[in-house]
Amino acid sequence: MLLSRKCRFGALAIAILLAGALIFTPGVFAESHQDAYKIGGIFSVTGPASFLGDPEKKSMELAIEEINAAGGVDGRMLEPVIYDTEGDPSKTVMAVGKLINKDRVTAIIGPSRTPTTLAVTPMVKRAKLPFISCAAGNKIVDPVKPWVFKTAQSDVQAVASIYEHIQQRDIQKVGIITVSNSFGESGKEQLLAQAGDFGITVVSSQSFGASDTDMTAQLTKIRQEKPGAIICWGTNPGPAVVAKNAKQLGIEIPLYQSHGVASPKFIDLAGDAAEGIFLPTGKILVADLLADDDPQKQVLTDYINAYESKYNETVSGFGGYAYDAVHLLARAMEGTNGDKAKIRKNLETLKNYVGISGVFNFSKTDHNGLDPSAFVMVKIKDGKWELVE
Amino acid sequence: MQEILQYLFSGLTNGAIYAVIALGFSMLYSSTELINFAHGEFVMLGALCMVTLAVNLGFPLIPAFFLSICAVAAAGLLFERLAIRPVRHPEPIVLIIITVGASIFLRGVGMLIWGKDAHSMPPFSQHPPLDVAGARLLIQSIWILIIVAALTAALQMFYRRTLTGKAMTACAVSKKAAWIVGIPTKWMVMLAFGLSTGMGAVAGAIIAPITMSSYDMGTMLGLKGFCAAMLGGLGSLWGAILGGFLLGILEALGVGYISSGLKDATAFVLLLLVLYVRPQGIIGAGEVKRF
Amino acid sequence: MNDKAHKIAYAVFALAVILLGWQVDNQYYLQLMIFIGLNTLLALSLNMLMGYAGQISLGHAAFYGIGAYVTAILTTTYQVAPVLALPAAVGTAMLVAWIVGIPTLRLSGYYLGMGTLGFGMIVHIVLREWSSVTGGASGFVGIPPLEIGLVVFASGKNYFFLVWAVVLLCLIMCRRIIDSRVGRALRSIHDGEKAAAAVGVDTKKLKLQVFVFSAGMAALAGFLYAHLVYFISPGTFSFVASIRIVTMVVIGGMASIWGALLGASLLTLLPEWLHAFSEFEMVVYGLILMGVMIFLPRGLTRGVLDVYERYRKNHDR
Numbered sequence: 001m002l003l004s005r006k007c008r009f010g011a012l013a014i015a016i017l018l019a020g021a022l023i024f025t026p027g028v029f030a031e032s033h034q035d036a037y038k039i040g041g042i043f044s045v046t047g048p049a050s051f052l053g054d055p056e057k058k059s060m061e062l063a064i065e066e067i068n069a070a071g072g073v074d075g076r077m078l079e080p081v082i083y084d085t086e087g088d089p090s091k092t093v094m095a096v097g098k099l100i101n102k103d104r105v106t107a108i109i110g111p112s113r114t115p116t117t118l119a120v121t122p123m124v125k126r127a128k129l130p131f132i133s134c135a136a137g138n139k140i141v142d143p144v145k146p147w148v149f150k151t152a153q154s155d156v157q158a159v160a161s162i163y164e165h166i167q168q169r170d171i172q173k174v175g176i177i178t179v180s181n182s183f184g185e186s187g188k189e190q191l192l193a194q195a196g197d198f199g200i201t202v203v204s205s206q207s208f209g210a211s212d213t214d215m216t217a218q219l220t221k222i223r224q225e226k227p228g229a230i231i232c233w234g235t236n237p238g239p240a241v242v243a244k245n246a247k248q249l250g251i252e253i254p255l256y257q258s259h260g261v262a263s264p265k266f267i268d269l270a271g272d273a274a275e276g277i278f279l280p281t282g283k284i285l286v287a288d289l290l291a292d293d294d295p296q297k298q299v300l301t302d303y304i305n306a307y308e309s310k311y312n313e314t315v316s317g318f319g320g321y322a323y324d325a326v327h328l329l330a331r332a333m334e335g336t337n338g339d340k341a342k343i344r345k346n347l348e349t350l351k352n353y354v355g356i357s358g359v360f361n362f363s364k365t366d367h368n369g370l371d372p373s374a375f376v377m378v379k380i381k382d383g384k385w386e387l388v389e
Numbered sequence: 390m391q392e393i394l395q396y397l398f399s400g401l402t403n404g405a406i407y408a409v410i411a412l413g414f415s416m417l418y419s420s421t422e423l424i425n426f427a428h429g430e431f432v433m434l435g436a437l438c439m440v441t442l443a444v445n446l447g448f449p450l451i452p453a454f455f456l457s458i459c460a461v462a463a464a465g466l467l468f469e470r471l472a473i474r475p476v477r478h479p480e481p482i483v484l485i486i487i488t489v490g491a492s493i494f495l496r497g498v499g500m501l502i503w504g505k506d507a508h509s510m511p512p513f514s515q516h517p518p519l520d521v522a523g524a525r526l527l528i529q530s531i532w533i534l535i536i537v538a539a540l541t542a543a544l545q546m547f548y549r550r551t552l553t554g555k556a557m558t559a560c561a562v563s564k565k566a567a568w569i570v571g572i573p574t575k576w577m578v579m580l581a582f583g584l585s586t587g588m589g590a591v592a593g594a595i596i597a598p599i600t601m602s603s604y605d606m607g608t609m610l611g612l613k614g615f616c617a618a619m620l621g622g623l624g625s626l627w628g629a630i631l632g633g634f635l636l637g638i639l640e641a642l643g644v645g646y647i648s649s650g651l652k653d654a655t656a657f658v659l660l661l662l663v664l665y666v667r668p669q670g671i672i673g674a675g676e677v678k679r680f
Numbered sequence: 681m682n683d684k685a686h687k688i689a690y691a692v693f694a695l696a697v698i699l700l701g702w703q704v705d706n707q708y709y710l711q712l713m714i715f716i717g718l719n720t721l722l723a724l725s726l727n728m729l730m731g732y733a734g735q736i737s738l739g740h741a742a743f744y745g746i747g748a749y750v751t752a753i754l755t756t757t758y759q760v761a762p763v764l765a766l767p768a769a770v771g772t773a774m775l776v777a778w779i780v781g782i783p784t785l786r787l788s789g790y791y792l793g794m795g796t797l798g799f800g801m802i803v804h805i806v807l808r809e810w811s812s813v814t815g816g817a818s819g820f821v822g823i824p825p826l827e828i829g830l831v832v833f834a835s836g837k838n839y840f841f842l843v844w845a846v847v848l849l850c851l852i853m854c855r856r857i858i859d860s861r862v863g864r865a866l867r868s869i870h871d872g873e874k875a876a877a878a879v880g881v882d883t884k885k886l887k888l889q890v891f892v893f894s895a896g897m898a899a900l901a902g903f904l905y906a907h908l909v910y911f912i913s914p915g916t917f918s919f920v921a922s923i924r925i926v927t928m929v930v931i932g933g934m935a936s937i938w939g940a941l942l943g944a945s946l947l948t949l950l951p952e953w954l955h956a957f958s959e960f961e962m963v964v965y966g967l968i969l970m971g972v973m974i975f976l977p978r979g980l981t982r983g984v985l986d987v988y989e990r991y992r993k994n995h996d997r
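Residue numbers (this note's numbering), protein chains in the order written: chain A, 1 to 389; chain B, 390 to 680; chain C, 681 to 997.
Okay, structure coming up:
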């Protein structure tokens, strides 16, 4: 009796499953707004990388609003379809599947992190869809994949600008401390790989967990090796703890941070301990300090004003990746009538686009399109950014 | 020498925090046989409440400290009343899933209230770190150690000297027997919840000045506290303290002499070793129970 | 009678799978159902351990991860054919389970939960830190598609049928085990380990066997996942993932094969539906978890059954 009841249950479960599957099936063929271009966005709006995803989502919406207000692309509006990845590769795969097959978007912007980006590149390759990532990892565009572009500066350039600065100050030995996630790992790889080119030796390489509360042990270990500088590679809040701990330990040597903390939030968090820290950043943080003839100055000021008045919060260094991606895409879409292969081709040949993160020059061999001049070195002084050089 | 001392200081500070979290786990377990997977989230609530009260609303430290503990303890009581008590068949696995659900819920609430960014606050007192034979000891660390010591003493007093405390111990020994002799076990469970989550809030409030607090800080802290409680012996007050400090110090030494990448592994390898060799923990003597 | 009813259930199930696979053309829905299939495998494997043998595991994602990483490393780094990597992946997971299981399964209750949790965390840390082999935190790229003979299982329908065929096979296999002498012995462990030992059940050996079996099945799911997404990273196999599997089992209903299917389906679909809540997603998800457990503590299958029973009793009266 009991067992046969169980079977009935099995049948019921199947029925529920079937019904569930069928309920959402009708949506498949419904295609809304034949005249608007749908642009997919996938960002880690929540989860550990929300500090990236949140401003990226807002910037994407902002950019699309701007483009639509100016009459859209060839008279057709853009319509954003944005999903949250929570920084989870499986969820990202699902979201991209939905964008490609259910929402039928013309192109996809995002995700915010390197692993989520790498998880979906095989899918966009299969779907033959233009895809502009907002993540930092160099693995995304090296080797070059035809459909994959990215707008965030690579850690390659960030590491190069830090090492250049260290070299100028005649420091030969550095200690590095990196966060144990994809961002820190990618940074560590570059730091170790490029050190030789600048005549620098990495004497100690430590790591910390993304939510660790105390890094004094790692810093003590580094101090033992007597390096001339310490480079920390991570995203908030870890690096702020590193800065605090370094100050508490009385470490006098210069501390370098990565572009991962390039937001006013870092100064907020680290407080006094932020004084004297060097970091490479896109020009966005120092827009008002730039020379008037800097090509990016106008673009940056406009973006900052628009973002701050729309969302009523200070701009971070990360939203610009999505903002650039939308504008680049819009430019590439002109005159293509939504033909994805043409959009891709246009993207690949796009030159001299002045964006938030730098001046983009894409080519067959370079799908990031930025050179080291995209970065400037800044120093934190009196709680403010200051240009170095 | 200087390094070893520095590792010890770092370990003591972290260990003290693990100890307070472990205390929360242990107390609740001994009187309800429940492991609260949302405990780390109460630590997070404590830290963020403290930051809001002390920094954003400008409360003086001491009222802010006690207010945030009371607020979190109240949340803990509410949690017991709304989510734990209505369960008709309180099987452990069901309770585990409920507390896991609660931890997700609380993290969501934390994100809605405090946003996705981290928050920081200044230390309890503005003094430069002490210099002990070349190693630096933070004043905040001393504060933490003092608070933990006071807390332990108070708990010990509570269990040994007060009627309520003795009643709670009785509940921990046998709930039914306690009920038969007229102890209001329902109230005891509620009290245990309040104390345990309050303890979590203490951990959060004392950790807020030395680190950055954000809505997702609780998970790892909760797990480490859990490890510490298991190490020392689940359900034992001194076990929790010992486990916490041991874990903190070994972690710091592990970073110094093994590898910083494996720092989190230290806690879990240690945990497995203890479980395999002496499952009741270093101090705990209770019978190892099954579901 | 029972046997016949089961056969009918499987036939209906197989028919439903074929029908769905045949009818649905949209890649997104196929993908969603593939993920449901993978999660069903995971939930089923844990259900054997938790629901039937009564042994909790909070580190099941470790075996899922081992399966995925072994095949990834073999097929990508060493160019082994995926078909040959399958036994290696499943075998490694089973071997690890056997080694870990001997000391761990002596524990019980929260201690066992803690032991498996610790094991899961350690595996996760190894996957993250051993970057020369596993690709580290950035993940492992370039896993080839699954080829069996001349058939290439690229995503879509092919893969859908493959995954669900595996699910069906595993369902039948589990049902066979449960209905056998071993299954009865397992349930006796669940109800009372000492009593089971007293009537002559070799509880130690049996628990280890079911643990190893369950690990193998989870590794199979990991193998399928790796060749579906072509990319894996340690985050997918973390503590959170382990908890999600436990949740699937408990929400679906412990000690119920169809419960695993239901739990896996619900927990895969739920986040898709909750997208609408955006910022409130976590809050709503947490509330649903708590609500189901408070009101239907025996899981959905049993819970709905209870409600149905009550209704029928009232009706008959």
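Built from N, CA and C at the ideal position, the CB exists for glycine as well.
{"Item": "Partners in chain B for residue 249 of chain A, counting only beta-carbon separations shorter than 9 Å", "Value": "395, 518, 524, 525"}
{"Item": "Residue 600 of chain B and residue 35 of chain A closer than 8 Å at C-beta", "Value": "no"}
{"Item": "Within-8 Å CB hit, residue 99 of chain A to chain B", "Value": "no"}
{"Item": "C-alpha gap between residue 683 of chain C and residue 627 of chain B, whole angstroms", "Value": "56 Å"}
{"Item": "Length of the line joining the Cα atoms of residue 984 of chain C and residue 62 of chain A", "Value": "47 Å"}
{"Item": "Residues of the stretch 930-942 of chain C whose Cβ lies closer than 9 Å to any Cβ of chain B, in chain order", "Value": "930, 931, 934"}
{"Item": "The stretch 710-742 of chain C: positions lying closer than 9 Å to chain A by Cβ", "Value": "710, 711, 712, 713, 715, 716"}
{"Item": "Whole-angstrom distance between residue 740 of chain C and residue 796 of chain C, CA atom to CA atom", "Value": "8 Å"}
{"Item": "Under 7 Å (Cβ pairs) to chain A, residues found in the stretch 887-913 of chain C", "Value": "909, 910, 911, 913"}
{"Item": "Cβ of residue 486 of chain B within 8 Å of any chain C Cβ", "Value": "yes"}
{"Item": "Residue 205 of chain A, enclosing beta strand (DSSP E) - first and last residue", "Value": "201-208"}
{"Item": "Near-chain C residues of the stretch 646-664 of chain B - C-beta to any C-beta below 7 Å", "Value": "650, 651, 653, 654, 657, 658, 660, 661, 664"}
{"Item": "Interface partners of residue 424 of chain B on chain C, CB under 9 Å", "Value": "790, 793, 794"}
{"Item": "Cβ-based burial, residue 989 of chain C [other Cβ within 10 Å; buried from 16]", "Value": "exposed"}
{"Item": "Chain A contact for residue 638 of chain B (CB, 8 Å cutoff)", "Value": "no"}
{"Item": "CA-to-CA distance, residue 816 of chain C to residue 183 of chain A, given in whole angstroms", "Value": "11 Å"}
{"Item": "Spatial neighbours of residue 246 of chain A in its chain, beta-carbon cut-off 8 Å, leaving aside the 5 residues before and after", "Value": "219, 230, 255, 273"}
{"Item": "Selection from A:365, A:91, A:259, A:222 that minimises the alpha carbon distance to residue 176 of chain A", "Value": "A:222"}
{"Item": "CB contact flag (residue 742 of chain C, residue 832 of chain C, <8 Å)", "Value": "no"}
{"Item": "Residue 912 of chain C to residue 824 of chain C span [Cα, whole Å]", "Value": "12 Å"}
{"Item": "Pairwise C-alpha distance: residue 179 of chain A and residue 32 of chain A", "Value": "At residue 32 of chain A the pLDDT is 44, less than 50, meaning the model places this residue with poor confidence and gives no usable figure here."}
{"Item": "Cut-off 6 Å between Cβ atoms - residues of its own chain near residue 361 of chain A, not counting five sequence neighbours on either side", "Value": "351, 369"}
{"Item": "Reduced DSSP secondary structure (H/G/I, E/B, other) of residue 287 of chain A", "Value": "helix"}
{"Item": "Outcome for residue 502 of chain B when other beta-carbon atoms lying within 10 angstroms are tallied against a minimum of 16", "Value": "exposed"}
{"Item": "Short CB-CB distance (under 8 Å) between residue 271 of chain A and chain B", "Value": "yes"}
{"Item": "Whole-angstrom C-beta distance between residue 485 of chain B and residue 424 of chain B, which should lie under 8 Å", "Value": "7 Å"}
{"Item": "Residues in the stretch 797-811 of chain C having any Cβ partner in chain A nearer than 7 Å", "Value": "808, 811"}
{"Item": "Local conformation of residue 149 of chain A per DSSP, three classes", "Value": "strand"}
{"Item": "Interface flag, residue 596 of chain B vs chain A, CB-CB below 8 Å", "Value": "yes"}
{"Item": "Status (buried if at least 16 other CB within 10 Å, exposed otherwise) for residue 769 of chain C", "Value": "buried"}
{"Item": "Inter-residue Cα distance where the pair is residue 759 of chain C and residue 810 of chain C", "Value": "20 Å"}
{"Item": "Proximity test, Cβ basis, 8 Å: residue 402 of chain B and chain C", "Value": "no"}
{"Item": "Per-residue contacts from residue 392 of chain B into chain A (C-beta, under 9 Å)", "Value": "220, 221, 223, 224"}
{"Item": "Residue environment, residue 138 of chain A, which counts as buried when at least 16 other CB atoms sit within 10 Å", "Value": "buried"}
{"Item": "Residue range of the alpha helix (DSSP H) that includes residue 791 of chain C", "Value": "789-809"}
{"Item": "Inter-residue Cα distance where the pair is residue 432 of chain B and residue 454 of chain B", "Value": "13 Å"}
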